[in-house]
Amino acid sequence: MALAFTTWLITSDVTPEIALRSTASADEWILSWLPDRSLTLEQAVSGMVLDEILSDPELDDGGLAFELAAFRAAELGVTLREVVLQLAIRMAQRDLLRSQQNVCIPAPHHGVTTETPAAGPGHCHSRRCHCRQQTAAGRA
(Lines of atoms letter the chains of each structure in order from A; the text may use other names.)
(Lines give C-alpha, C1' and ligand atoms only; values in the text may rest on other atoms or scores of the structure.)
Protein backbone atom coordinates (compact mmCIF):
# COMPACT_ATOMS: atom_id res chain seq x y z
CA MET A 1 0.00 0.00 0.00
CA ALA A 2 1.42 3.33 -1.03
CA LEU A 3 0.10 6.80 -1.62
CA ALA A 4 1.45 9.04 -4.37
CA PHE A 5 1.45 12.80 -3.92
CA THR A 6 1.48 15.65 -6.42
CA THR A 7 0.65 19.30 -5.91
CA TRP A 8 -3.01 18.70 -6.78
CA LEU A 9 -3.65 15.00 -6.29
CA ILE A 10 -3.21 12.11 -3.87
CA THR A 11 -3.61 8.63 -5.34
CA SER A 12 -3.27 5.06 -4.14
CA ASP A 13 -1.89 1.90 -5.68
CA VAL A 14 -4.68 -0.06 -3.95
CA THR A 15 -7.89 1.87 -4.59
CA PRO A 16 -9.30 4.01 -7.41
CA GLU A 17 -10.41 6.73 -4.99
CA ILE A 18 -8.44 9.98 -4.98
CA ALA A 19 -7.98 13.19 -3.00
CA LEU A 20 -7.97 16.38 -5.03
CA ARG A 21 -6.83 19.82 -3.94
CA SER A 22 -9.51 22.47 -4.33
CA THR A 23 -9.03 25.26 -6.82
CA ALA A 24 -10.62 27.63 -4.31
CA SER A 25 -7.88 27.25 -1.70
CA ALA A 26 -4.47 25.63 -1.56
CA ASP A 27 -5.31 24.40 1.95
CA GLU A 28 -8.56 22.67 0.98
CA TRP A 29 -8.80 19.05 -0.21
CA ILE A 30 -11.72 16.86 -1.29
CA LEU A 31 -11.94 13.07 -1.24
CA SER A 32 -13.61 11.45 -4.24
CA TRP A 33 -15.65 9.27 -1.89
CA LEU A 34 -16.54 12.09 0.51
CA PRO A 35 -17.11 15.03 -1.87
CA ASP A 36 -19.32 17.14 0.39
CA ARG A 37 -16.58 17.88 2.92
CA SER A 38 -13.68 20.28 2.67
CA LEU A 39 -10.63 18.77 4.31
CA THR A 40 -7.13 19.72 5.31
CA LEU A 41 -4.20 17.94 3.69
CA GLU A 42 -3.79 15.84 6.84
CA GLN A 43 -7.46 14.82 6.75
CA ALA A 44 -7.22 13.98 3.04
CA VAL A 45 -4.25 11.72 3.76
CA SER A 46 -6.20 10.10 6.61
CA GLY A 47 -9.10 9.51 4.23
CA MET A 48 -6.85 7.89 1.65
CA VAL A 49 -5.15 5.71 4.28
CA LEU A 50 -8.58 4.76 5.62
CA ASP A 51 -9.72 3.68 2.15
CA GLU A 52 -6.54 1.63 1.70
CA ILE A 53 -7.06 -0.11 5.05
CA LEU A 54 -10.62 -1.05 4.16
CA SER A 55 -9.60 -2.11 0.64
CA ASP A 56 -6.89 -4.54 1.76
CA PRO A 57 -8.23 -8.10 1.41
CA GLU A 58 -5.27 -9.59 3.29
CA LEU A 59 -5.22 -7.79 6.62
CA ASP A 60 -2.59 -9.23 8.95
CA ASP A 61 -4.43 -8.11 12.06
CA GLY A 62 -8.08 -7.33 11.33
CA GLY A 63 -8.81 -6.09 14.84
CA LEU A 64 -5.97 -3.60 14.83
CA ALA A 65 -6.79 -2.53 11.27
CA PHE A 66 -10.41 -1.78 12.14
CA GLU A 67 -9.31 0.11 15.25
CA LEU A 68 -6.98 2.21 13.10
CA ALA A 69 -9.76 2.65 10.51
CA ALA A 70 -12.15 3.92 13.21
CA PHE A 71 -9.48 6.38 14.39
CA ARG A 72 -8.95 7.65 10.82
CA ALA A 73 -12.72 7.98 10.31
CA ALA A 74 -12.99 10.05 13.49
CA GLU A 75 -10.31 12.39 12.11
CA LEU A 76 -12.70 13.05 9.21
CA GLY A 77 -15.68 13.59 11.52
CA VAL A 78 -17.54 10.47 10.34
CA THR A 79 -18.13 7.02 11.74
CA LEU A 80 -16.52 3.89 10.35
CA ARG A 81 -19.99 2.67 9.43
CA GLU A 82 -20.59 5.80 7.32
CA VAL A 83 -17.25 5.31 5.57
CA VAL A 84 -17.93 1.67 4.73
CA LEU A 85 -21.37 2.60 3.39
CA GLN A 86 -20.02 5.47 1.27
CA LEU A 87 -17.21 3.33 -0.19
CA ALA A 88 -19.66 0.50 -0.93
CA ILE A 89 -21.92 2.94 -2.77
CA ARG A 90 -18.96 4.16 -4.84
CA MET A 91 -18.02 0.59 -5.74
CA ALA A 92 -21.60 -0.21 -6.74
CA GLN A 93 -21.76 2.93 -8.90
CA ARG A 94 -18.55 1.97 -10.73
CA ASP A 95 -19.78 -1.60 -11.24
CA LEU A 96 -23.13 -0.39 -12.57
CA LEU A 97 -21.47 2.02 -14.99
CA ARG A 98 -19.14 -0.73 -16.21
CA SER A 99 -22.02 -3.12 -16.81
CA GLN A 100 -24.19 -0.51 -18.56
CA GLN A 101 -21.47 0.74 -20.85
CA ASN A 102 -19.34 -2.40 -21.04
CA VAL A 103 -16.27 -0.30 -20.40
CA CYS A 104 -13.45 -0.16 -17.94
CA ILE A 105 -13.20 2.82 -15.64
CA PRO A 106 -9.53 2.83 -14.71
CA ALA A 107 -8.10 4.77 -11.83
CA PRO A 108 -6.64 7.98 -13.26
CA HIS A 109 -3.24 7.43 -11.68
CA HIS A 110 -2.42 4.11 -13.34
CA GLY A 111 -1.18 5.81 -16.50
CA VAL A 112 -3.58 3.80 -18.64
CA THR A 113 -3.99 4.80 -22.25
CA THR A 114 -6.58 3.62 -24.71
CA GLU A 115 -3.93 1.84 -26.75
CA THR A 116 -2.06 -0.86 -24.86
CA PRO A 117 -0.99 -3.71 -27.14
CA ALA A 118 0.01 -5.84 -24.15
CA ALA A 119 -3.62 -6.31 -23.24
CA GLY A 120 -4.34 -8.49 -26.27
CA PRO A 121 -7.62 -9.24 -28.00
CA GLY A 122 -10.71 -9.66 -25.85
CA HIS A 123 -9.09 -7.96 -22.91
CA CYS A 124 -9.33 -4.53 -21.46
CA HIS A 125 -6.75 -1.83 -22.14
CA SER A 126 -4.78 -2.44 -18.97
CA ARG A 127 -3.34 -5.44 -17.16
CA ARG A 128 -4.22 -3.70 -13.88
CA CYS A 129 -7.87 -3.40 -14.86
CA HIS A 130 -10.41 -5.59 -13.12
CA CYS A 131 -12.89 -5.63 -15.99
CA ARG A 132 -14.31 -8.88 -17.23
CA GLN A 133 -13.62 -10.15 -20.70
CA GLN A 134 -16.26 -9.49 -23.32
CA THR A 135 -18.46 -12.42 -24.24
CA ALA A 136 -19.53 -13.28 -27.78
CA ALA A 137 -22.66 -11.19 -27.25
CA GLY A 138 -20.47 -8.16 -26.56
CA ARG A 139 -21.41 -7.84 -22.90
CA ALA A 140 -19.19 -8.47 -19.92
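The sequence shown begins at 1 in my numbering and counts up one residue at a time.
Even glycine gets a Cβ: it sits at the ideal position worked out from N, Cα and C.
These numbers come from a predicted model, not from an experiment.
Inter-residue CB distance, residue i and residue j (contact presumed, cutoff 8 Å)
i   : j   : result
Q86 : W33 : 5 Å
D13 : A26 : Contact doesn't hold; Cβ gap of about 25 Å is too wide.
I53 : A69 : 5 Å
I18 : T11 : 5 Å
For residue j and residue i, the rounded distance between their alpha carbons
i    : j    : result
E67  : D95  : 29 Å
E75  : Q101 : 37 Å
I147 : V83  : For the chain, the structure presents residues 1 to 140; residue 147 sits outside this window and is missing.
P16  : Q43  : 18 Å
L80  : M48  : 14 Å
E28  : L9   : 12 Å
D61  : V45  : 22 Å
R98  : G63  : 33 Å
F5   : A24  : 19 Å
G77  : P57  : 25 Å
Bridge partners - residue i, DSSP secondary structure assignment
i   : result
S12 : L3
A19 : I10 and L31
L39 : W29
Contact check, residue i vs residue j, beta carbons under 8 Å
i   : j   : result
S55 : S38 : no
L20 : I30 : yes
A73 : L50 : yes
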